[in-house]
Amino acid sequence: MTTVTMTVNGKTVSGEVEDRTLLVEFIRENLELTGTHVGCDTSQCGVCVIHMDGKAIKSCTTLAVQASGSQITTIEGLATGDELHPVQKAFKEHHGLQCGFCTPGMVMAAVDMINRLGPNLDEATIRHELEGNLCRCTGYHNIVKAIKAAADEMAALPQAAE
Amino acid sequence: MYETSYHRAGSVSDAEAAIANAEDGKFLAGGQTLIATMKQRLAAPTDLIDLRHIADLKGIAKQADGSIRIGAATCHADVATNEDVRTSIPGLADLAGKIGDPHVRHMGTLGGSIANNDPAADYPAALMALGATVETNKRSLAAEDFFTGMFETALEDDEIVVAVTFPECTTSAYAKFPNPASRYSMAGVFVAKGDSGVRVAVSGAGQDGVFRVPEMEKALESQWSADAVANIKVPAEDMLSDIHGSSEYRANLVTVMAKRAVAALS
Ligand SMILES: Cc1cc2nc3c(=O)[nH]c(=O)nc-3n(C[C@H](O)[C@H](O)[C@H](O)COP(=O)(O)OP(=O)(O)OC[C@H]3O[C@@H](n4cnc5c(N)ncnc54)[C@H](O)[C@@H]3O)c2cc1C
Ligand code: FES
């Protein structure tokens with residue numbers, strides 16, 4: 001067992017884990033933040049995407065011990081109080097989900113995309129950047145629309161929100 | 001996943017000591033292959049020695065002779081977006097940006113990719129076509145001597161890739177046909193022109209991993225155009241065959257990707 005310590009959504013947390021514990025297991029089971037999902041066994045679906053030190057990564061393909069000492073943001077850390085993040089708001093507004101299982105990963109991937117590339121995104125770029133996130137309900141159309149709308153809204157803001 | 005013990009190395013000598021003390025240890029970089037393999041119980045190292053925090057293994061530097069040295073623990077996203085790589089070896093930046101997806105590129109590293117030498121990996125084609133040199137904690141190896149077969153390299157169990165140096169080249173491009181589900185290469189062709197002539201290397205398709213195509217190199221030296229390679233076929237019997245594509249299909253893809261890579265530069 002190893003003690004891991006990291007900052008999750010702005011709070012310092014620690015826990016005792018086996019070295020083989022996946023980061024997603026630590027987040028879901030130790031921290032009880034169940035917004036981050038697990039959808040596959042092959043590192044391909046992207047529903048487990050979180051941000052580690054400001055970059056989107058797959059928490060199912062990272063050990064909790066690897067993440068010790070880092071800054072983590074999960075889907076639960078995006079909103080400010082009752083105020084949803086612009087990307088969350090846009091997914092709601094544009095019906096960017098049906099069953100909702102892929103949504104946390106999609107939203108985290110979208111926020112990362114906007115952080116990296118800036119808010120002036122065209123549709124082709126958004127589709128290309130979503131290569132690591134699978135959705136089996138929507139056909140992606142409304143997800144792309146939601147991300148475009150959120151990016152446009154964030155372009156109009158004085159600073160990017162995260 | 002079977003039980004394992006994790007060690008975070010702070011330096012190359014730390015990592016050397018940790019692997020020497022481990023019963024059946026393995027180095028861990030981005031984990032984008034190793035953790036996935038351990039989850040499937042296809043690998044069960046007793047110890048994991050994490051190289052991701054070793055400062056000496058990170059970073060990208062343009063050298064005085066125009067070559068570019070990239071630390072083994074540099075992630076794909078950093079190679080794809082680095083200004084020096086983009087201007088000096090645009091084909092390499094483009095290749096790194098085509099690996100997997102954004103999340104994989106944030107963790108996966110150059111050293112992990114070449115140490116693994118998956119026949120479907122992209123980097124090996126760049127190292128072979130650009131005539132790169134692999135620097136380890138023990139020696140320097142030409143790319144051609146480093147890759148020895150499918151999932152095989154010249155690395156010893158306790159040997160660490162420290163950096164890869166890519167010589168300056170005049171022009172470079174990579175064309176890849178990704179598997180639509182996994183994004184790994186079904187056939188990827190890297191074309192480079194430099195002081196030592198034209199070199200063409202193929203990832204994804206060959207049964208023994210990455211290989212060069214001397215006929216294409218010769219043809220491009222006498223005529224730099226997509227037409228020059230249009231009728232050159234690699235032998236189908238040397239290509240991989242699986243549920244994603246037959247060896248004939250892959251052999252054809254090699255010609256098509258070679259044409260696309262050259263066309264992108266014409
Ligand atoms: C969904 C998905 C899609 C992918 N798509 C592609 C793709 O399109 N193209 C592609 O090329 N790859 C692809 N990959 C693989 C990815 O590029 C991996 O990052 C890479 O193959 C391994 O690098 P890593 O840093 O993650 O290494 P790890 O998984 O940490 O290690 C891999 C192996 O290398 C060894 N190792 C690591 N670093 C060193 C070192 N410095 N010295 C000696 N040995 C070392 C380890 O011991 C291990 O055996 C994909 C992966 C995933 C999960
Ligand atoms: S759970 Fe599918 S990629 Fe992580």
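As given, the protein sequences belong to chains A and B, one line each in that order.
Under the UniProt record's numbering, the first sequence has 83 at position 83, and the numbering climbs by one with no breaks.
Under the UniProt record's numbering, the second sequence has 128 at position 128, and the numbering climbs by one with no breaks.
The C-beta atom is built at its ideal place from N, Cα and C for all residues, glycine as well.
Neighbour flag for residue i against chain B, beta carbons, 8 Å
i: A/Asp122; result: no
i: A/Gly132; result: yes
i: A/Gln71; result: no
i: A/Arg20; result: yes
i: A/Lys92; result: no
i: A/Gln44; result: yes
i: A/Ala56; result: yes
i: A/Leu97; result: no
i: A/Asp82; result: no
i: A/Leu63; result: yes
i: A/Ala161; result: Note that A/Ala161 scores 49 on pLDDT, short of 50, meaning its location in the model is unreliable and no value can be drawn from it.
i: A/Thr103; result: no
i: A/Gln88; result: no
i: A/Asp112; result: yes
i: A/Glu16; result: no
i: A/Thr2; result: yes
i: A/Glu153; result: no
i: A/Glu129; result: yes
Which of helix, strand or coil DSSP assigns to residue i
i: B/Arg212; result: strand
i: A/Val38; result: coil
i: B/Asp24; result: coil
i: A/Arg116; result: helix
i: B/Pro235; result: coil
i: A/Ala161; result: Low per-residue confidence applies at A/Ala161: pLDDT is 49, beneath 50, and the placement is therefore not dependable, though the value from the model is reported in the following sentence. In this structure, A/Ala161 counts as coil in the three-state DSSP scheme.
i: B/Lys98; result: coil
i: A/Pro86; result: helix
i: B/Asp65; result: coil
i: A/Arg127; result: helix
i: B/Ala263; result: helix
i: B/Lys58; result: coil
i: B/Gly111; result: helix
i: B/Pro167; result: coil
i: A/Pro104; result: helix
i: A/Thr80; result: strand
C-beta neighbour in chain A for residue i, strict 8 Å
i: B/Lys39; result: yes
i: B/Asp50; result: yes
i: B/Met128; result: no
i: B/Leu94; result: Residue identity check: residue 94 of chain B is Asp in the sequence provided, not Leu. Judged by the 8 Å Cβ criterion, B/Asp94 is not in contact with chain A.
i: B/His244; result: no
i: B/Gly209; result: no
i: B/Leu100; result: Going by the sequence as given, residue 100 of chain B is Gly instead of Leu. Yes, B/Gly100 counts as interfacial toward chain A.
i: B/Arg239; result: Per the sequence shown, the amino acid found at residue 239 of chain B is Met instead of Arg. No, B/Met239 lies away from the interface with chain A (no Cβ there is under 8 Å from its Cβ).
i: B/Met1; result: yes
Classification of residue i by the beta-carbon crowding that lies within 10 angstroms, buried from 16 upward
i: A/Gly54; result: exposed
i: B/Asp195; result: exposed
i: B/Arg105; result: buried
i: B/Asn82; result: buried
i: B/Cys75; result: buried
i: B/Ser185; result: buried
i: B/Val254; result: buried
i: A/Lys145; result: buried
i: B/Ile243; result: exposed
i: B/Lys26; result: buried
i: B/Ala163; result: buried
i: A/Thr42; result: exposed
i: A/Cys60; result: buried
i: A/Met123; result: Sequence check: residue 123 of chain A is Glu here, not Met. Counting Cβ neighbours within 10 Å, A/Glu123 comes out exposed, since fewer than 16 surround it.
i: B/Phe211; result: buried
i: B/Tyr123; result: buried
In the region 66 to 87 of chain B, which residues sit with their C-beta less than 8 Å from some C-beta in chain A, listed in chain order?
-> Taking 8 Å as the cut-off between beta carbons, the residues of the region 66 to 87 of chain B near chain A are Ala77, in sequence order.
Quiz prompt | Completely contained beta strand (DSSP E) runs for the UniProt domain "2Fe-2S ferredoxin-type" (2 to 78) of chain A, where each covers 3 or more residues | solution = For the UniProt domain "2Fe-2S ferredoxin-type" (2 to 78) of chain A, whole beta strand (DSSP E) runs of length 3 or above, ordered along the chain, are 2 to 8, 11 to 17, 49 to 52, 55 to 58, 71 to 73.
Please identify, using Cβ separations under 7 Å, the residues of the region 103 to 118 of chain B that lie next to chain A, in order along the chain.
Flagged, chain order: His103, Val104, His106, Met107.
**Prompt:** Which full runs of the beta strand (DSSP E) of 3+ residues lie inside the region 114 to 157 of chain B, going along the chain?
**Reply:** Taking only runs of at least 3 residues, the beta strand (DSSP E) segments lying wholly in the region 114 to 157 of chain B are 133 to 136, 140 to 142, 147 to 149.
- request: Can you give me, in chain order, the residues of the region 3 to 37 of chain B that have a beta carbon less than 7 Å from any beta carbon in chain A?
  value: Cβ contacts with chain A come from Glu3, Thr4, Ser5, Tyr6, Gly31, Gln32, Ile35, Ala36.
- Query: When Cβ atoms are compared, which residues of the region 171 to 185 of chain B fall closer than 8 Å to chain A?
  - Reply: Taking 8 Å as the Cβ-Cβ cut-off, the region 171 to 185 of chain B approaches chain A at Ala181, Ser182, Arg183, given in chain order.
| Looking at chain B, which residues of the region 23 to 48 of chain A have a Cβ within less than 8 Å of any of its Cβ atoms? | Taking 8 Å as the Cβ-Cβ cut-off against chain B, the residues of the region 23 to 48 of chain A that qualify are Asp41, Thr42, Ser43, Gln44, Gly46.
Write down every uninterrupted run of the beta strand (DSSP E) in the region 181 to 211 of chain B whose length is 3 residues or greater and which is fully enclosed by it, in chain order. If we require 3 residues or more, the beta strand (DSSP E) runs fully inside the region 181 to 211 of chain B come out as 185 to 194, 197 to 203.
Under a criterion of Cβ closer than 6 Å to any non-hydrogen atom of ligand 4, which residues qualify, in chain order?
As far as ligands go, the structure on display features ligand 1 and ligand 2 and does not contain ligand 4.
In the region 207 to 232 of chain B, which residues sit with their C-beta less than 9 Å from some C-beta in chain A, listed in chain order?
Result list empty, no residue passes.
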